[in-house]
Structures are given as structure tokens and as C-alpha cells.
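Those protein sequences? They're chains H and Z, same order as listed. Position 106 of the first sequence, counting from 1, maps to 106 under full-length UniProt numbering, and the rest follow consecutively. Position 161 of the second sequence, counting from 1, maps to 161 under full-length UniProt numbering, and the rest follow consecutively. A short worksheet on the structure shown next.
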Amino acid sequence: MRNRKAIWLALPLAVALSLSACSSGGNSSSSPGPSEGASTSPSESASQNESTKPAENVTITVLNEGAVSIGVGKLDDLLPVRKKALLADEGQTPRVQESDFSWTAGNAVHPGVFSYFYQQIINDQLKSKNITVQVEDWGWGEPLIQKETAGFLAKNIPDIIVGETQMPGFALQGLLEPFPEDMASEIRETVAPAAWKPMEVDGKIYGFASQPGVNSLFWNKKLVKEAGIDPDQAPKDWDELLANIEKVTEAGKGKFYGGGVYAGPNAGGYLRYGPLLIINGGGFADASGQPAFNSDANLKVIELLRNMNKNHPAGLMVNQQEGPYFDAFKKQQTAYIIDGPWRAAESVSLGIEYGMSPIPLSEGGAPGNITIGAAFHSVPKDAKNKEAAFEYIRAMYSDEVQTLIADTGLRSTVKKAIAEAPDYQSKHPDMYLHYQAMNGNVQGLPTFSKEDSKVWQTFGDAVTKAIMTNGDIKGIMDEAQVKAEAIVK
Amino acid sequence: MSASQSASARRARFKPAHLLGHAVLPLVGLVLMYPLVFMVMAGFFTKQEFMATVIHAFPIPKEPTLRNFRALFEGTTDAAVAEYFRNSLLRTVYTTFWAILTSFLGGYVFARLRFKGRDQLFLLLLATQMIPMTIAIIPTYLEFARFPFMGGNDIFTGGKGILDTWWVYLIGGPAINIMGTFLVKQSLEKVPIELDEAAKVDGAGTLRLLFQILFPLQLPIMAFISITTALNVWNDFVTPFFYTNSDHLQTLPSAITRLSSVGAGPGASANYPLIITLSLGITIPALLIFFFFQKYIVQGLANTGIKG
Chain H
1 MRNRKAIWLA LPLAVALSLS ACSSGGNSSS SPGPSEGAST SPSESASQNE STKPAENVTI
61 TVLNEGAVSI GVGKLDDLLP VRKKALLADE GQTPRVQESD FSWTAGNAVH PGVFSYFYQQ
121 IINDQLKSKN ITVQVEDWGW GEPLIQKETA GFLAKNIPDI IVGETQMPGF ALQGLLEPFP
181 EDMASEIRET VAPAAWKPME VDGKIYGFAS QPGVNSLFWN KKLVKEAGID PDQAPKDWDE
241 LLANIEKVTE AGKGKFYGGG VYAGPNAGGY LRYGPLLIIN GGGFADASGQ PAFNSDANLK
301 VIELLRNMNK NHPAGLMVNQ QEGPYFDAFK KQQTAYIIDG PWRAAESVSL GIEYGMSPIP
361 LSEGGAPGNI TIGAAFHSVP KDAKNKEAAF EYIRAMYSDE VQTLIADTGL RSTVKKAIAE
421 APDYQSKHPD MYLHYQAMNG NVQGLPTFSK EDSKVWQTFG DAVTKAIMTN GDIKGIMDEA
481 QVKAEAIVK
Chain Z
1 MSASQSASAR RARFKPAHLL GHAVLPLVGL VLMYPLVFMV MAGFFTKQEF MATVIHAFPI
61 PKEPTLRNFR ALFEGTTDAA VAEYFRNSLL RTVYTTFWAI LTSFLGGYVF ARLRFKGRDQ
121 LFLLLLATQM IPMTIAIIPT YLEFARFPFM GGNDIFTGGK GILDTWWVYL IGGPAINIMG
181 TFLVKQSLEK VPIELDEAAK VDGAGTLRLL FQILFPLQLP IMAFISITTA LNVWNDFVTP
241 FFYTNSDHLQ TLPSAITRLS SVGAGPGASA NYPLIITLSL GITIPALLIF FFFQKYIVQG
301 LANTGIKG
């Protein structure tokens, strides 16, 4: 049959099919637990070689995060390009001048030049140890988590990875290298817990954030004043906070609202209203890490959230997307907000006169907080240059980098010696408040033992339902608790 | 036809429902055009003003700037736009070429050739369409990372395979277009087999039969496959975003995703006017393709017998 000659046509088809199919294509193996890592721990050698210069140049790959990003590529190449771009950038207010590129410790830093200096200091420190830094950008949020998960499976992962809520989970799965013992001791001794405590598993540290935040209460002084409230006075407790919020909503007559806190069913929401749970003696999980959603302390917080919700444009407080919630504060449509330290600098840049204080306490409550905006940097078990990667993290908590953070004033330094100096307290009183909060009862979001994201979804959905309806809060949270317990069983 | 006759014919054709339709259609058009108008106007904002402005219906800047539109042509420090445009274009042309070829050959195989397991193989192909794209991201990542003898791999491991290289587009691009294969199969089944036999009697070989006799008959469906593939590839951000890292390999959609996601990092804020303007840059070529070639879409579908 002549047509049989054309059977060869099926060949490209077969090739294409194999490409379109989703085969694993390799011998991926499951990740070892923390104690069964196949790779050699750099802990000992890293501590021995701390100050020695490697004979050969090593290039490490580091993932970017927005707050300190200067682009993608080798730092050596990026720095001059970034400097040129900053000088030409008309969008910088005030415009960046050549003189802004000479900074001496203890003096103010132009906020636009912060990331330039940050990377320059790290680059200089690592170059002196014969280490070259190559920066990559894998995005943030869900796309980053997916790409990092794929990278772990393929054992094709940068030497330093970055992330927020997913990082403790990676540590628990044994995908990250514990910090060398000397480094861990140094961090524990000299650095505020918010920078490393959420990344501590079984007494070992797996990640570090150079400028994490904790939540504070911010308010728009103009809107608060219009409601007849003293704009320089922080609310003393939850009752006063809620009363103020209601007054602002009433004064706003639909043009602006009292606001409160973002409570969407996602990490953005949990990170922001989580501190209220901790302050009131509640939380997301009990001491053994099991879901604890329906405690009396939590119910009281959810009741507060329900009342706050009445002081927002409909649906805003539990919107799936967190962006519109913060936009409302930026556009002066809401007066109060619980958020990270960057809210201060952003308000200044938008011309909003703001007030700021620690989150008020509930009756009988105690100070507590959740780290927010913490870009934890970790060294994966499969990293190719672990020793050099730990040098990068050492540079992140070096005095030079931490002094830069302190002088810029957008975030608080985490280095105890710098923050506790009288000069810092007088120059940056707002940031010193943040620093104090970072030293207290600061937690991260827990990772549940099974189907973590499903358990969180159960909690988030229940809180949304409790906020949005007039249903019995206890009944809703009891139901969520039963569901969560069944999931982790 | 006299003047009175044509006037009465016009009256007969006129129905009040038509008037309603003509009154409603511009409103519907306005609603559909709104996002595009919004995007154009938002492009005149600075990042700071956009953040501070409460937008009620249309964003109207107090201090309009052309900076974002200039960036669309000249790029910025963080966005080499010309390079992204070039990459998007090359990738779209290349992948569309392969989509046409594999769809046509695949359709021919399933419509004309008889071999054992043909129907089962076709079903298998169709079944791959049921797998959501997000589920395939990690296996595809592994497939690229384990590509033998590439990127430092010994056989399957040791390096990064073809990740972060042009091979992601060159090898990943020609993956068979299942929908295209299905459509060509449907269309070819309507062409009498006698045509093939007559061509063979006249001495035509398989290649001549395929490309000089059957292919010209499939031009409308090929136009349809080209347009839909080109639009899909032009707008695809998943492939470049997940399987490449280097800036010189990014396309416009993935570059925009990067700009947005960096803005979503802790405490960072995205430059929305720039992102919106770059998105406009992606939308316009796609709109033009659709505007000029939309008749082929209808014609192509009609040829397959899918359209009633």
C-alpha cells in the first residue's frame, strides 16, 4: 500500500507528542529530611574558612527581592548601570544627585539610592573574598513558590533563595541547609529575633531577613482630625480604636471610612490580623502546631474584625486581592490601617501626614506581633556553593549593611548594637518602636503538619464568612476547627 | 423599483427591535472599549500620582507625562522593551510555523492513514488537552532540566539542561498543536479520498500530494490555526517566566509579570502606569491581528464543520 510510505509522517507527531506530554523526564528523588541530607554540611568548613580568601573565584546565584533589587545580572555590571539610571530618573522625588552617592555612616541616605548602596556593600564584601554575585529574578508570591518548588525537584536551584511565608515550610521539608553553628550563635546574640526566629526549626536557623518588619497601627491625621479626634493621640485599647474608627466613618459620610486591618483569606490577611490574635492570647495553632481556630481569644478578635468591616467600603476588607485595600489608605479613603513599617515612608512620599503607634492591646492582652515583609534568605541543600552563599548572608547582617538600613530609615535595623545606640533612638524614634516590637513576642505564620495550604484555606474562608455574615461566630469557627482537624489527622 | 415601492420595502424591513439594537450596541461597545481607554489614559500618569489619585470613571492626570509611552519604545533600566518585543515576535513566528506544520501533518495522519492504534493515539492526544496547564509546569520544568547532554547534564543530571536557553523556545515551541490537528482532521475528512487517488494516478508523490494538492485546500483552517496560535504565544508568560531566568530571553508578557511581581514583594510598590502601558504594547499587535484576520477565523471554523 502506497500510503504506508507516508507512515514516516507519524514520526514528527510522535516527537511532538513526547514534548507535549508531561513526563517527569528524569529520576527526581524525594527530598531528604533535615537530618538525612545527602550533601555535606558546610557548617564546620564555613566556620574554619570564615576569614580566608578562596584561591579561586566563585560565582554564586542569588534570588532578588523587590526592596533591594537593582536588576538582573552580575552585581559588578549592574551597579554602574543603576547609578546612571538613578541620576537620569525624573520619577525620583527629590531627584537623585551625584552627591547622594557618597554616604558616610550616621548620615541620612536618599531612599532611592538605598538598594544601590545595599548591593554595593555586599558586592564589595564578597569581592574581597573572591566571590562574584549573579542576581536572578524569579518573581514573588505564588509564581516564585512554584518556580522554587520546581527548582528543588530538578535540583536546579540558586545558591541563595528568597521568600516569605513558604520558607519555614521548605525548612521543615529538609530542603534548606542549616546555618553553620558559629554563624547561628552570632545571629542569636546580636540580631533581633524577628530576623531569624520564624526560620528556626529544631534549634537550627535556616534563614535570615536583613530588614524584616512587624505590624504597627498607622492613621491618616487629616481624616482623624475631621472626625474630631486628636490626631497626635494613639488609641489606648481596642475599644478606643473601634470607637475612633466608627467616628471617622460617620464623619466621612461615604467619602472616607474608618478602616482597620486587611483580613482577606490569604497570607496578606493572616500576616496583618494575626498580631491581634497573638495580643489577645489566641493564635493560629497550639503549642504542638495543631490548628487552634476556635479559642475564645480568637472569637473576640473575629468579632472586632466584623465590627471593623462595617467601617469599610463593602467587600474591601476581605477582598481576595490585598492591593485595593492598601490603595484605599494611599488614596486617603480609609483612616486606620495595621501594616508593616514601609507604610511610614510610603505615606511621606504620597504627602499623607500619618500617625503611628504599636498595635493597641485588648483588655488583659499582652504585646505580640507577626513578622511581615520579611524576605528570608536561605541556602538550599542542593546549592552548589554553600560556603560562599553563607558569606552572602553574613554580609546581610554585617554592621555596614545594617547601618545603611538604619540611616535610610525606611525599615528598622535588626542589629542590636546599632538599634540600641542613643543616636538611633533619637534620629529614628518610629523605627526604634519597630525594633522594640521585633524583640518581643514575634512569631511567623505556622506551617501545619499536613496539607498546609488546605488548612489555611479552611481558616481564611471561615474568618471571611464570620466577618461578612451575621452568623454565629463560634459556630462558624467550630465548624472550621473540625474540618481542619480532619485534614491534619 | 419605483420610489414608493422602495420606501415601503424599507418600512417593511424596519422593526422597532432594530432601533433598540442600534441604541444598545454603542453602549455595549463603550463598555468593551472602556479597559482600553483606561489603559491609554493611565499611561499618562506618574507612579506617584497614580497611587495618590482616587479614580472614579476615567483616570485624568493633573500632570500628564509621556515617560511611560517613551519607555514602550526606548525601554527603561529595568525593562529592555525592544529586546522583549523582538523575542516575543521571533517566538511567535517560530511557534506558529511549527503549529501549522504539525497540525497539517498530524491532521493528515489521522484523517488519511490507516494504522493500528490510530484512533487510540488520537484519543490520547485529545486527552492531553484535559490536563490544566498549571499542573504541567513542574513536570515540564523537570523535562527541560533533565534534557540529556545539555547545559552540563551528564545524561539526565548534573546541570540545568536546556533551562534558561533559547532551546526552551526552539524545542518547547514545536510541541504539537492538538486543537489544530483535530481541526485539520475534521476538514480533511470532508475532502474526497478520490482526490488523493487521482493525484497518485497522475504520478504525484506523498509530498506533492500533501503540499501542492491538500495544503492549498486547507488555507482557511491554517489561517485560523496561525491566528489562534500566534495570539496564544504572543500573550504567553508562563513559558519564559518559568523556564528562563536571563533578561535577554524574556518576552513582553514575562517581563511585565516580573515588574508586577517585584512590586508585590515586601514593602515594594509596582509602577502600575508603566506596567499598564507595556500591557497596552502587548494588546495592540494582538488586536490588530484579530481585527485584520477575523474573517479567516469564521471561515476556518466553517470549513471544519464545527460552525453551524
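We put the CB at the ideal spot given by N, CA and C, even for glycine. Keep in mind it's a predicted model, so treat the numbers as computed, not measured.
With distances taken from CA atoms, which of 178/Z, 53/Z, 45/Z, 58/Z is nearest residue 38/Z? 58/Z
Using a C-beta cutoff of 8 Å, does residue 213/Z count as contacting chain H? no
I'd like the list of long-range same chain contacts for residue 440/H, defined as Cβ closer than 8 Å, with 5 residues on each side in sequence excluded. 367, 368, 369
Specify whether the stretch 274-285 of chain Z and the stretch 38-48 of chain Z touch according to this definition: at least 3 beta carbon pairs, one from each stretch, less than 8 Å apart. yes
Enclosing beta strand (DSSP E) for residue 161/H [first to last residue]: 161-163
Counting only Cβ-Cβ distances shorter than 9 Å, please list the residues of the stretch 339-371 of chain H near chain Z, keeping chain order. 340, 341, 342, 343, 345, 346, 349, 350, 351, 352
Are residue 295/H and residue 282/H touching if we call contact CB-CB under 8 Å? yes
Hey, is residue 156/H's beta-carbon within less than 8 Å of any beta-carbon in chain Z? yes
Beta carbon proximity, residue 139/H to chain Z, threshold 8 Å: yes
Helix, strand or coil: which one does DSSP assign to residue 355/H? strand
Leaving out the 5 sequence neighbours to the left and right, which residues in its chain are closer than 8 Å to residue 247/H when beta-carbon positions are compared? 227, 228, 229, 258
DSSP three-state assignment for residue 42/Z, whether helix, strand or coil: helix
Determine the extent of the alpha helix (DSSP H) in which residue 336/H is found, giving its start and end residues. Where residue 336/H is concerned, there is no enclosing alpha helix (DSSP H), although the beta strand (DSSP E) it sits in stretches over 334-339.
According to the neighbour-count rule (16 or more other Cβ atoms, all chains shown, within 10 Å of its Cβ), is residue 295/Z buried or exposed? exposed
In terms of alpha-carbon separation, which member of 121/Z, 94/Z, 116/Z, 95/Z lies closest to residue 107/Z? 121/Z
Taking DSSP's pairing of strands, which residues face residue 131/H in a bridge? 58/H
Report the rounded CA-to-CA distance for residue 169/Z versus residue 239/H, giving the unit in angstroms. 59 Å
Starting from residue 257/H, follow its DSSP beta bridges and name the residues at the other end. 334/H
Smallest Cα separation from residue 436/H: which of 344/H, 358/H, 210/H, 205/H? 358/H
What's the C-alpha gap between residue 152/H and residue 383/H? 10 Å
Chain A contacts from the stretch 269-298 of chain H (Cβ-Cβ distance under 7 Å): Included in the structure are the protein chains H and Z, with no chain A among them.
Whole-Å CB distance - residue 51/Z paired with residue 253/H, under 8 Å assumed: About 24 Å separates the two Cβ atoms, so there is no contact after all.
Given residue 478/H, which residues of its chain have a CB within under 6 Å of its CB, disregarding the five upstream and five downstream residues? 294
Apart from the five residues on each side of it in sequence, which residues of its chain come closer than 8 Å, Cβ to Cβ, to residue 89/Z? none
I want to verify the contact list: residues of chain H whose CB lies under 9 Å from the CB of residue 160/Z, in sequence order. 154, 156
Residue 39/H by DSSP, collapsed to three states: which one? Residue confidence for residue 39/H is low, a pLDDT of 39 falling below 50, so the modelled location carries little weight and cannot support an answer.
For residue 122/H and residue 396/H, what's the separation of their Cα atoms in angstroms? 7 Å
For residue 73/H, would you say it is in contact with chain Z, using Cβ-to-Cβ distances shorter than 8 Å as the test? yes
Between which residues of its own chain and residue 76/Z is the CB-CB distance below 8 Å, once the five residues before and five after are set aside? 274
Looking only at its chain, what residues have a beta carbon closer than 8 Å to the beta carbon of residue 313/H, apart from the 5 residues adjacent to it on each side? 257, 328, 333
Taking the alpha carbon of residue 286/Z as the reference point, which residue from 299/Z, 23/Z, 227/Z, 259/Z has its own alpha carbon closest? 227/Z
Below 8 Å between beta carbons: does that hold for residue 378/H and residue 206/H? yes
Could you tell me which uninterrupted alpha helix (DSSP H) segments, each at least 4 residues in length, are contained entirely in the stretch 374-453 of chain H, listed from first to last along the chain? 386-396, 399-408, 416-419, 422-427, 429-439
Compare the C-beta of residue 48/Z with all C-beta atoms of chain H and state if any pair is closer than 8 Å. yes
Unbroken stretches of the alpha helix (DSSP H), 4 residues or longer, contained in the stretch 115-179 of chain Z: 118-128, 133-145, 167-172
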